[in-house]
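K.L.:
Below is one structure. I have some questions about it.
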């Protein structure tokens, strides 16, 4: 049995071939392994040229019903054009009431981070648009007599696209 094991290990070691490549001609470049060239995509799939942001900051003071309310709102509107027919947008707002006469409970109720709008726009043809929209409007903004469209509202994706203006 020992003969067979010795013979098998001898045949196995004889059949192993190794190859040595001389790499002395090639200089060692450590920097290329650490530093990568900038790509045109963020995280590998988001193209920053198709991503736009708009910022708004509002400060208001209101007096009503025997009370006072100071309100600050920062809104970040983000737009991303996936392709010529499909794009998405979202409005994220940070609301803070630094002063009011309604108490701390009211401040904790109104202060916070809100997704005020998320929208997916798809335009399969010239005369067809499909829009999926989520809105989170505070109480008092919704009226059954108002259709929700304003001629002063800027929709950067459907008409007069900000991407088209930047080209």
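Numbering (the numbering used here), first residue to last: 43 to 209.
Every residue, glycine too, gets a C-beta built ideally from N, C-alpha and C.
Using a Cβ-Cβ cutoff of less than 6 Å, which residues in the same chain neighbour residue 102 once the five nearest sequence positions on both sides are dropped?
P.N.:
113
K.L.:
Which one of 138, 164, 157 has the shortest CA to CA distance from residue 111?
P.N.:
138
K.L.:
My output table needs one value for residue 144: the three-state DSSP class, helix, strand or coil.
P.N.:
coil
K.L.:
Measure the C-alpha to C-alpha separation of residue 90 and residue 126 and round it to an integer number of angstroms.
P.N.:
The C-alpha of residue 126 is placed about 15 Å away from the C-alpha of residue 90.
K.L.:
Under DSSP, the beta strand (DSSP E) around residue 166 begins and ends at which residues?
P.N.:
154-167 is the extent of the beta strand (DSSP E) around residue 166.
K.L.:
Leaving out five residues before and five after residue 158 in sequence, what residues of the same chain have Cβ atoms less than 8 Å from its Cβ?
P.N.:
117, 133, 134, 135, 177, 178, 179
K.L.:
DSSP has residue 124 in a bridge; who is on the other side?
P.N.:
Paired residues: none, contrary to the question.
K.L.:
Please report the straight-line C-alpha distance between residue 162 and residue 124, rounded to a whole angstrom.
P.N.:
10 Å
K.L.:
Measuring CA to CA, which of 109, 164, 120 is closest to residue 95?
P.N.:
120
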